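Residue numbers (my numbering), protein chains in the order written: chain A, 172 to 453; chain B, 411 to 694; chain C, 2 to 369.
Backbone N, C-alpha and C fix where the C-beta goes; we use that ideal spot for every residue, glycine too.
No experiment lies behind these values; they were computed from the predicted model shown.
In what follows, a structure is listed as structure tokens, so that the remarks can point back to it.
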Amino acid sequence: MTESRRQGALGLALVLPPLCLLFFLVVVPAVTAVVETLAPGPGGSAGLTVARYAEVLSAKVIRTDIAFSVVVTLISVAAVFVLGYPLALYLRFSPGRLASLLAVVFTIPLFVPVVIASFAMITFLVNHGLVSTVLYRLGIETFPPLVYNATGIVLTEVWASLPFAVLILGAGLQAIDDSLIDSARDVGAGRVRTFATIILPLNAIPTRITLTLLFISVFGSFTIPYLVGGNAPQMLGVTMTNYLTQYLRRTDAVTMAVLAFVIAAAVGVVYVASVSRRERDV
Amino acid sequence: MTAVQAAAGPPSPSWFWAIAGMRRALALGAFLALAAFILGPLLTLLVWAFAGAWLFPNLLPEFSLTWWSYVLGNADVVKAIRMSLLTAPVATAASAVICIPAAYAFARLEFPGRRLLLLSFLSANAFPKIGLYVSIATLFYRLDLMDTFAGVVLVQMINTLLFLIWIPTGTFRGINRTLEEAARDAGAGPLRTFFQITLPIALPGLIVAAMFAFLAAFDDAQGTLIVGTPNHITMPVMMYTLVLSYPQPVGAVFSVLLSLPSLAFLLLAQRYLRAGYLAAGYSL
Amino acid sequence: MAGLSLVRVVKRFGTHAAVHEVSLEVQDGELMGLLGPSGCGKTTTLRMIGGFLAPDAGDIRIDDRSVVALPPERRPTAMVFQRFNLWPHMSVAASIAFGLKVRRLSPDAIDRKIRDVLALVGLPGSAGKSPHQLSGGEQQRVAVARALVLEPQILLLDEPFSNLDARLRVHMREEVKQLQRKIGITTVFVTHDQEEALTIADRIAVMNGGVLQQVDTPAALYGRPRTLFVADFIGTMNLFPASALPAGEGIAAGPWRLSVPGARWPEGAEVTVAVRPEDLIVTPDGGAATVRRVVNLGHYLQVLLECPGAGLLRMFTEKSAPFTEGQALRLGIVRALAFHDAEVVEIGGPMRPSLAARDRGAGRPDAP
């Protein structure tokens with residue numbers, strides 16, 4: 172009894188320092204932000220008020236930015252998923268030189284800082300950049316601008332998030348036993364049917380984890396929309412940073428941050444639930 | 411030993427993709443498109459780094475190293491390099507010192523709430539990062555941590571925690587307990603056992619974790635921009651200015667400099683990465 | 002060298018008692034086997050002796066000194082583990098030297114001891130190898146060397162050969178027995194393999210469900226099991242139900258009436274009869290039985306017999322005995338044990354079949 176209690180105390184003591192740091196860097200700021208934005212200002216009445224949220228949301232620019240952020244995020248997540256799932260399947264089911272080469276190529280963005288990725292994408296896509304040069308040489312002289320707009324943001328987000336999505340999806344696919352797939356084939360299921368009835372359901376939790384993490388990470392990005400996006404509309408991350416550092420309107424920035432939390436919270440609940448279920452299974 | 415072995419999977423049933431005839435051509439086409447999409451921007455950047463001028467519609471520029479001397483002669487750039495090389499190692503080391511013992515506890519000791527506490531380290535990922543940084547900024551204003559060395563190190567540590575908790579926890583879990591018990595049996599105390607048996611066996615996993623943590627700290631731009639401006643400018647933060655207000659070769663040269671640590675680690679850790687730690691780190 | 006004693010040792014995991022009041026005396030120089038099915042508490046017991054688990058109650062004494070409060074590194078015990086027990090980052094020599102360095106021996110003494118112990122386990126010249134260069138058997142020899150080099154008072158072996166193939170396992174256990182004899186070290190050996198225990202242990206402690214069932218020599222365990230579990234677990238045993246007849250008339254077991262010397266069981270009490278396959282014989286005044294299957298097991302025959310009231314029985318006979326499937330015969334019992342509650346009575350000598358059984362069998366075509 173004393174042995175296990177001593178072990179428990181030692182365990183808690185060892186995990187306490189990083190937990191405190193996490194608490195200080197995540198929980199405290201988040202709670203402070205919520206409390207600060209709900210508290211009545213000087214001269215206001217007691218109790219909580221949503222006046223700041225009403226004020227921030229009353230600005231049409233901000234409403235547009237929020238809508239723009241959600242749309243760009245959804246399109247980016249969908250694009251990553253549509254590209255990433257086949258890639259993960261290919262890496263899982265096709266051994267061979269091409270697959271192992273692919274496995275090297277697609278992980279490269281993982282090691283490229285987002286600032287560099289954004290800048291590289293600009294030089295690649297910008298008017299008179301490499302893409303437009305190649306297109307010009309091919310005889311295509313007019314095409315819509317690829318950068319400093321939503322297209323640029325989506326392309327760069329996809330570039331930066333693809334390896335992450337493929338790795339999580341791939342880890343899930345790796346866990347599916349070959350015999351399950353072989354037995355589906357054994358009873359005569361085709362490729363599409365095997366995918367829909369065996370692989371997709373068995374990989375449901377990694378899939379959900381991927382989608383939610385992607386949503387939160389794209390929605391909370393700043394560098395990519397800041398560098399690759401246009402002036403207006405902008406994504407919420409850029410807007411709130413501008414309010415904080417350029418316009419020096421801290422409270423408005425924090426209010427927007429809390430709004431972002433609320434939008435991500437719904438998605439985050441799904442994520443944590445999926446992960447904890449998986450932890451339990453393991 | 412064990413984590414490395416776990417990476418080698420069984421041979422895959424390749425029939426799933428066996429579209430007769432079409433298969434190779436299709437795969438090759440898709441591969442080329444993907445490779446162009448992934449590598450194209452980086453190659454463009456690399457070419458720009460060695461370009462004197464690159465006029466449309468030429469496929470290649472005039473090569474020159476003039477921009478390198480310009481960038482390396484710039485006092486702000488040198489200051490940013492120094493700042494990066496100070497903050498990121500400090501953040502990684504500080505994080506490792508508190509996280510690795512915690513990871514050992516998560517892997518080996520029984521204590522109330524163990525699973526929940528381990529999961530709580532995912533919570534930073536459940537927030538939109540920029541929102542979190544803005545919230546941290548308001549807290550740091552009150553604590554006078556804005557534009558301080560400590561503030562920058564702290565904000566960089568956020569992204570290191572997950573790597574330094576989860577990967578080492580998995581690594582320690584993968585070490586058979588009887589290896590440690592044999593050492594205790596041979597007369598070594600708990601500390602000696604940890605440092606002479608557990609730690610050396612866990613080292614590859616810990617190195618990979620520290621590497622990811624370092625890159626996360628070194629590459630952090632958003633958090634450092636918000637907390638460190640204007641006097642604590644690291645290399646990634648410097649990039650914002652370079653991208654927005656300098657000629658393209660300047661940003662390109664600086665990007666190459668900024669990529670060097672990643673590149674070095676990628677080469678150094680190739681052995682461990684191929685062994686599957688990369689996937690292990692991301693299969694949260 | 003030293004004796005080991007366990008005094009009413011208890012270990013609980015949550016509410017489940019993994020080890021329940023186990024008391025055991027291991028003599029100086031004895032090889033004690035801890036035998037039982039998986040989950041019986043034998044490994045838990047061994048780990049408590051080694052200091053890897055603390056008992057919830059009771060005492061563990063080595064040389065009459067309590068060691069319960071000591072951590073593993075302070076106990077005069079050395080353990081050989083089941084598997085993966087060589088440190089992958091150390092050479093054979095470094096692994097063996099580890100404990101010696103902890104004890105601050107001089108480099109010369111360490112070198113000498115490494116050489117001696119490697120010669121002892123039959124691996125001279127492999128000091129510089131690393132674990133992955135060794136076969137499974139060699140790895141376990143190094144593990145034994147690593148344990149022995151510290152000159153422990155008690156050697157603990159936790160199923161050390163269970164990961165080796167069958168042939169090597171037999172070879173290694175003989176080697177360990179020889180080694181143990183040679184240096185005369187008190188040894189506790191955990192195994193779930195009764196053949197392993199029966200062949201090398203001086204005495205065996207049989208455990209089940211956390212409870213010590215019986216501690217005895219291999220011969221005594223086989224010949225005089227004291228609980229129904231041991232009777233069933235050790236070797237092959239025929240078990241069938243019987244019921245007590247009025248006082249002094251013995252018990253009715255299938256076609257037999259057996260007199261039970263000294264038993265005072267109430268009429269109708271449920272009794273279990275245990276008979277070894279070699280204690281069944283064919284005899285003209287036996288109970289009726291039919292041959293169902295004859296299996297040739299090399300040097301002897303196993304005959305499966307159906308016996309009304311006793312179910313399927315196994316009989317071992319010599320190879321030349323003429324049995325055919327479907328054949329009817331009469332079966333006698335040379336020796337049996339009768340279990341009732343915690344009581345066991347030995348029944349010896351050839352049995353006469355009961356009259357009732359003969360009447361029941363009268364309508365059947367007994368003989369050709």
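State yes or no: is the C-beta of residue 598(B) within less than 8 Å of the C-beta of residue 103(C)?
Counting from 1 along the second sequence, the entry for residue 598(B) is found at position 188. Counting from 1 along the third sequence, the entry for residue 103(C) is found at position 102. Contact: yes.
Which residues of chain B have a Cβ atom closer than 8 Å to the Cβ of residue 243(A), listed in chain order?
Start at 1 with the first residue of the first sequence, and residue 243(A) comes out as number 72. Residues of chain B passing the Cβ test: none, with the nearest at roughly 13 Å.
Can you have a look at residue 239(C) and say buried or exposed, based on whether 16 or more other CB atoms are within 10 angstroms of its CB?
Position 238 of the third sequence, counted from the start, is the residue given in the question as residue 239(C). Classification of residue 239(C): buried, given that the 10 Å Cβ count is 16 or more.
Rounded to the nearest angstrom, what separates residue 384(A) and residue 201(A) at their Cα positions?
Position 213 of the first sequence holds residue 384(A). Position 30 of the first sequence holds residue 201(A). So the two alpha carbons sit approximately 19 Å from each other.
Residue 319(A) by DSSP, collapsed to three states: which one?
Counting from 1 along the first sequence, the entry for residue 319(A) is found at position 148. If DSSP states are grouped into helix, strand and coil, residue 319(A) belongs with coil.
Kindly say whether residue 453(A), judged by its beta-carbon, lies nearer than 8 Å to any beta-carbon of chain B.
As a first step, residue 453(A) must be located in the first sequence, where it is residue number 282. Bear in mind that the predicted position of residue 453(A) carries a pLDDT of just 46, short of 50, making it too unreliable to give a figure here.
Which residue or residues does DSSP assign as beta-bridge partners of residue 330(A)?
Along the first sequence, one-based indexing puts residue 330(A) at 159. In the DSSP output, where bridge partners are listed per residue, residue 330(A) has none listed.
How about the stretch 217-230 of chain C and the stretch 52-67 of chain C: do they share at least three Cβ pairs that are nearer than 8 Å?
no
Just the Cα atoms here: how many angstroms apart are residue 176(C) and residue 167(C)?
One-based indexing of the third sequence puts residue 176(C) at position 175. One-based indexing of the third sequence puts residue 167(C) at position 166. Computed Cα separation, rounded: 14 Å.
Boundaries of the alpha helix (DSSP H) in which residue 229(A) is found, first to last residue
The residue given as residue 229(A) occupies position 58 in the first sequence. Per DSSP, residue 229(A) belongs to the alpha helix (DSSP H) from 222-229.
C-beta neighbour in chain B for residue 421(A), strict 8 Å:
Taking the first sequence and counting its residues from 1, the one referred to as residue 421(A) is at position 250. Chain B, which has a Cβ nearer than 8 Å to the Cβ of residue 421(A), makes this yes.
Is there a Cβ from chain C that is less than 8 Å from the Cβ of residue 517(B)?
Here residue 517(B) refers to the residue found at position 107 of the second sequence. So no, residue 517(B) is outside the interface.
What first and last residue would you give for the beta strand (DSSP E) that runs through residue 12(C)?
Numbered from its first residue, the third sequence carries residue 12(C) at position 11. It spans 5-14 - the beta strand (DSSP E) in which residue 12(C) sits, taken as one unbroken run.
Could you tell me if residue 324(A) is buried or exposed, where buried requires 16 or more neighbouring beta carbons within 10 angstroms of its beta carbon?
Taking the first residue of the first sequence as 1, we reach residue 324(A) at position 153. With 16 or more other Cβ atoms within 10 Å, it is buried.
Residue 602(B) touches chain C at which residues, Cβ-Cβ below 9 Å?
What you label residue 602(B) is simply residue 192 of the second sequence in a count that begins at 1. Near residue 602(B) (Cβ distances below 9 Å), the residues of chain C are 74 and 103.
Among 210(A), 230(A), 227(A) and 226(A), the one whose alpha carbon lies nearest that of residue 219(A):
Counted from its first residue, the first sequence places residue 219(A) at position 48. It is 210(A).
Looking at residue 562(B): is its Cβ nearer than 8 Å to the Cβ of residue 543(B)?
The residue you call residue 562(B) lines up with position 152 of the second sequence. The residue you call residue 543(B) lines up with position 133 of the second sequence. No, they are not a contact pair.
Does any residue of chain B have a CB that is nearer than 8 Å to the CB of residue 77(C)?
For this step, residue 77(C) is matched to residue 76 along the third sequence. No, its Cβ sits nowhere closer than 8 Å to a Cβ of chain B.
Quick test of your reading: residue 425(A) and residue 545(B), contact by CB under 8 Å. State the CB separation rounded to the nearest angstrom.
The residue given as residue 425(A) occupies position 254 in the first sequence. The residue given as residue 545(B) occupies position 135 in the second sequence. Yes, residue 425(A) and residue 545(B) are in contact; Cβ-Cβ is about 6 Å, under 8 Å.
Are there three or more Cβ pairs, one per stretch, closer than 8 Å when the stretch 180-189 of chain C is compared with the stretch 15-30 of chain C?
yes
According to DSSP, what are the bridge partners of residue 67(C)?
Stepping through the third sequence from its first residue, residue 67(C) is reached at position 66. Looking at the DSSP assignment, residue 67(C) forms a beta bridge with 62(C).
Does residue 214(C) come out as helix, strand or coil in the three-state DSSP assignment?
Looking up residue 214(C) in the third sequence gives position 213. Strand at residue 214(C).
For chain B, find out if any of its Cβ atoms is closer than 8 Å to the Cβ of residue 295(A); answer yes or no.
Position 124 of the first sequence, counted from the start, is the residue given in the question as residue 295(A). Yes, contact with chain B.
In the DSSP output, what is residue 568(B) paired with across the bridge?
Taking the second sequence and counting its residues from 1, one reaches residue 568(B) at position 158. Paired residues: none, contrary to the question.
Determine which residues share a DSSP beta bridge with residue 244(C) and list them.
As a first step, residue 244(C) is located in the third sequence; it is residue number 243 there, counting from the start. Residue pairing of residue 244(C) in beta bridges, as defined by DSSP: 253(C) and 271(C).
So for residue 79(C), helix, strand or coil by DSSP?
The count along the third sequence starts at 1 and reaches residue 79(C) at position 78. Residue state, collapsed to three classes: strand.
Residue from 634(B), 626(B) and 577(B) with nearest C-alpha to residue 675(B)
Start at 1 with the first residue of the second sequence, and residue 675(B) comes out as number 265. The shortest C-alpha separation from residue 675(B) is found at 626(B).
Please state if the CB of residue 394(A) and the CB of residue 631(B) are separated by a distance shorter than 8 Å.
Residue 631(B) sits at position 221 when you count from the first residue of the second sequence. Residue 394(A) sits at position 223 when you count from the first residue of the first sequence. Closer than 8 Å, so yes.
Count the other C-beta atoms from every protein chain shown that fall within 10 angstroms of the C-beta of residue 237(C), then say buried if there are 16 or more, exposed otherwise.
What you label residue 237(C) is simply residue 236 of the third sequence in a count that begins at 1. Looking at its Cβ environment, which holds fewer than 16 other Cβ atoms inside 10 Å, residue 237(C) is exposed.
Report buried or exposed for residue 275(C), applying the criterion of at least 16 other Cβ atoms within 10 angstroms of its Cβ.
As a working note, residue 275(C) is residue 274 in the third sequence. By the 10 Å Cβ count, residue 275(C) comes out buried.
Among the residues of its own chain, which have a CB less than 7 Å from the CB of residue 1(C), if the five just before and after it don't count?
Nothing about residue 1(C) can be reported from this structure: the residues present for chain C run from 2 to 369 only.
The stretch 337-355 of chain A contacting the stretch 296-313 of chain A, beta-carbon criterion three pairs below 8 Å
no
Using a Cβ-Cβ cut-off of less than 7 Å, list which residues of the stretch 403-428 of chain A approach chain B; keep chain order.
408, 411, 412, 415, 416, 421, 424, 425 and 428
Per-residue contacts from residue 577(B) into chain C (C-beta, under 9 Å):
Translated into the one-based positions of the second sequence, residue 577(B) becomes position 167. Ordered by position in chain C, no residue passes the 9 Å Cβ test against residue 577(B), which lies about 19 Å from the chain.
Round the Cβ separation of residue 295(A) and residue 451(B) to the nearest angstrom and send it over; I've been treating them as touching at under 8 Å.
Taking the first sequence and counting its residues from 1, the one referred to as residue 295(A) is at position 124. Taking the second sequence and counting its residues from 1, the one referred to as residue 451(B) is at position 41. With a Cβ gap of about 4 Å, residue 295(A) and residue 451(B) count as contacting.
Residue interval of the alpha helix (DSSP H) (run including residue 101(C))
Residue 101(C) sits at position 100 when you count from the first residue of the third sequence. 93-103 is the extent of the alpha helix (DSSP H) around residue 101(C).
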